[in-house]
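**Student:** Residue numbers (this note's numbering): 1 to 400. Glycine included, every Cβ here is placed at the ideal spot set by N, Cα and C. Values in this document were obtained by computation on a predicted structure and should not be read as measured data. My questions all concern the structure below.
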Amino acid sequence: MSADPAPRALGAPQRALVYASAFCGITTESLIGMLLPLWAVDRGLPPAQLGTAVALASLSPLLLALPAGALCDRYGDRRIMLWAGIGAALTAALFPLIDSFLAACALQLAGGLARSMSWLAAQSYALRAAPPARRNTIMGRFSFAGSIGMLLAPLLAGALVAGWGLSAGFALMAVWGGLLTLVALPLPDIREPGRSGTLWQVTGSAYRQALPLLAQTSLMIVMLLTLLRLSAAAVNASFYPVHLAAAGFSPATIGILFACINGAISVGSLSAAALIRHTSISAVLFGSIALSVASISAVPFSTSLVVVGGLSALHGLGLGLSLPTLLAAIGRQTAPSQRGLVIGLRTLFNRLGYFAVPVLLGMLVQGMGLRWAFVITGAALLGLLGVTYGYLRRRRLAYD
């Protein structure tokens, strides 16, 4: 299909497919965050091994996020979505067939890269397809579509696991991953004209091209906020389900609580643009990340369904408000020809949080217990957020 450098030409059906790419592209991350801890509990893995297995899903994206973003710029986001969706589906389908920790680590390395590239390419495509004047609104709708996928998927997975076991939950994850390929097929290929280079040239030069961008202080702060946001999300993707299982919640109820998070994400995603108009991008970014960190850190202090559900919803609200706001801030700091590369840079910082936090939590849980592990991790993240906010104020930087 020929390249189409004019994103404004996208019609309503194609914009709907862009939103559908979010619905499909991020949902497998939500599902693995629910299913892998349940798989580990079922197989009797100790906390340190669970933390390591969760973290390994972020190791390959951490190392290869920038080359993946550069590949989006070179070959087009649509083509990357096609192949990444297939990879996410295949690795999910293999999970019920394994029993060992080492096999789980191998699948996490491969599946983590495929799932990461799915979401990276979907975000990059949406940013390219959004006219600047409508970027806040379109990215809010894009984030909302992703959160709806994350709302429905855990509910379905919880019901399937309760009725037919973990294999049924992973089967749903495989189908959901494959849907991204079907969504990407009819999309036009939006690329900047004149992009060239072989596969090895593109991947080899990715770090050389991307890392100097961090010299832009405002962009570096966005990346640090991305790291803190996803560090909070890494908590609910690792030991949050462990606490719920230990508290006696059934798989179906755990699915409902994940749905509380993702339902609140959808509310936050739709509310972000309006909240930005009444405050500022900076205020929404820092406030929403603080909310998501504080609420998830308080979860182990209760076994009440109502309290845990409320805290989970607040955590989701913070995540929902922060995602489209971060994407809008990135859109203001970058040229269209760099979108894939910068989204790859964002993914690198995402995965740094997803890699470090589960390992840290696993060691803390094993040494100090789950409650103190959550408290220490939350306090560290809030402290870093406060330092970043103080630096932003001293430099008098803004994103509006």
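Where does the unbroken alpha helix (DSSP H) through Asp99 begin, and where does it stop?
**Tutor:** From DSSP, Asp99 is part of no alpha helix (DSSP H); its letter is neither H nor E.
**Student:** What are the start and end residues of the alpha helix (DSSP H) that includes Arg134?
**Tutor:** That residue, Arg134, is in no alpha helix (DSSP H); it is neither H nor E in DSSP.
**Student:** Give the straight-line distance between the Cα atoms of Ile80 and Arg115, rounded to the nearest whole angstrom.
**Tutor:** Each residue's alpha carbon lies about 11 Å from the other.
**Student:** Between which two residues does the alpha helix (DSSP H) carrying Pro241 extend?
**Tutor:** Tyr240 to Ala246 is the extent of the alpha helix (DSSP H) around Pro241.
**Student:** So, with DSSP's three-state summary, where would you put Gln14?
**Tutor:** Helix at Gln14.
**Student:** Using CA coordinates, which residue listed in Ala55, Leu151 and Leu166 is at the minimum distance from Asp99?
**Tutor:** Cα-wise, what sits closest to Asp99 is Leu166.
**Student:** Leu385 lies in the alpha helix (DSSP H); which residues open and close that run?
**Tutor:** From DSSP, the alpha helix (DSSP H) with Leu385 extends over Leu370 to Arg395.
**Student:** Between the Cα of Thr347 and those of Gly33, Ala48, Gln49 and Ser58, spot the shortest distance and give me the residue it belongs to.
**Tutor:** When only C-alpha atoms are compared, the closest one is Ser58.
**Student:** I need the boundaries of the alpha helix (DSSP H) containing Ala184, first residue and last residue.
**Tutor:** That run of the alpha helix (DSSP H) goes Leu166 to Ala184.
**Student:** Express the C-alpha separation of Leu285 and Arg394 in angstroms, rounding to a whole number.
**Tutor:** Roughly 17 Å between the two C-alpha positions.
**Student:** Looking only at its own chain, which residues have a Cβ that is under 7 Å from the Cβ of Leu384, when we skip the five neighbours before and after it?
**Tutor:** Hits under 7 Å: Leu228.
**Student:** Less than 8 Å between the C-beta atoms of Pro358 and Ala162, yes or no?
**Tutor:** In this structure, Ala162 does not lie closer than 8 Å to Pro358 by Cβ.
**Student:** Cα-Cα, which of Gly111, Phe101, Asn262 and Gly268 is closest to Met139?
**Tutor:** Met139 has its Cα closest to that of Gly268, out of Gly111, Phe101, Asn262 and Gly268.
**Student:** Is the separation between the beta-carbon of Gly316 and that of Cys260 shorter than 8 Å?
**Tutor:** Yes, they are a contact pair.
**Student:** Let me make sure I understand the geometry here. Which of Gly248, Leu326, Leu270 and Phe239 has the alpha-carbon closest to that of Ser282?
**Tutor:** Residue Leu326 is the option with its Cα nearest to Ser282.
**Student:** Could you work out which residue in Arg15, Ala232, Pro241 and Cys24 is closest to Ala84 when comparing CA atoms only?
**Tutor:** The candidate whose alpha carbon is nearest that of Ala84 is Cys24.
**Student:** Put Thr303 into one of helix, strand or coil per three-state DSSP.
**Tutor:** Here Thr303 sits in coil by DSSP.
**Student:** Are the beta-carbon atoms of Asp189 and Arg78 separated by less than 8 Å?
**Tutor:** Contact flag set, yes.
**Student:** When DSSP labels each residue in this structure, what does Tyr19 get in the three-state scheme?
**Tutor:** DSSP places Tyr19 in helix when its eight states are reduced to three.
**Student:** Using the Cβ count rule (16 or more neighbours within 10 Å means buried), how would you classify Phe175?
**Tutor:** Note on residue identity: the sequence assigns Val, not Phe, to residue 175. Exposed.
**Student:** For the candidate residues Leu311, Ala247 and Ala328, whose alpha-carbon lies nearest to that of Ala273?
**Tutor:** Considering only alpha carbons, the answer is Ala328.
**Student:** If we ignore side chains and look at the alpha-carbon of each, how far apart do Ser271 and Pro46 end up?
**Tutor:** Cα to Cα, the separation comes out at about 40 Å.
**Student:** What does the alpha-carbon distance come out to for the pair Ala65 and Trp119?
**Tutor:** Each residue's Cα considered, the two are about 11 Å apart.
**Student:** In the structure shown, what three-state DSSP assignment does Ile26 receive?
**Tutor:** DSSP places Ile26 in coil when its eight states are reduced to three.
**Student:** Which runs of the beta strand (DSSP E) fall wholly inside the region 20-79 and span at least 3 residues, in chain order?
**Tutor:** Taking only runs of at least 3 residues, no beta strand (DSSP E) segment lies wholly in the region 20-79.
**Student:** Assuming Phe349 contacts Thr226 under a Cβ cut-off of 8 Å, what Cβ separation, rounded to an integer in Å, is found between them?
**Tutor:** Indeed they touch by this definition, with Cβ atoms about 5 Å apart.
**Student:** How would you write the range of the alpha helix (DSSP H) that Pro251 sits in, first residue to last?
**Tutor:** Pro251 to His278 is the span of the alpha helix (DSSP H), which, as asked, contains Pro251.
**Student:** Tell me whether Leu211 is buried or exposed, calling it buried when 16 or more other Cβ atoms sit within 10 Å of its Cβ.
**Tutor:** Per the 10 Å Cβ criterion, exposed.
**Student:** So Gly255 packs on Pro96, CB below 8 Å; how close in whole Å?
**Tutor:** At roughly 17 Å, the Cβ-Cβ gap does not stay under 8 Å, so Gly255 and Pro96 are not in contact.
**Student:** Check whether the Cβ of Val307 lies closer than 7 Å to any heavy atom of the ligand ATP, and answer yes or no.
**Tutor:** This structure lacks the ligand ATP, and indeed carries no ligand of any kind.
**Student:** Going by CA-CA distance only, name the one from Ala12, Asp73, Cys105 and Phe355 that's closest to Tyr125.
**Tutor:** The candidate whose alpha carbon is nearest that of Tyr125 is Asp73.
**Student:** Can you confirm whether the region 48-58 touches the region 352-372 when touching is taken to mean that 3 or more C-beta pairs between the two stretches lie within less than 8 Å?
**Tutor:** Yes, since at least three Cβ pairs between the region 352-372 and the region 48-58 fall closer than 8 Å, the two stretches touch.
**Student:** Among residues of its own chain, excluding the 5 on either side of Ser292, which ones have a beta-carbon nearer than 6 Å to its beta-carbon?
**Tutor:** Excluding positions up to five away in sequence, the list reads Ala232, His315, Gly318 and Leu319.
**Student:** Out of curiosity, what's the CA-to-CA distance linking Gly309 and Tyr75?
**Tutor:** Going by the C-alpha atoms only, they are around 43 Å apart.
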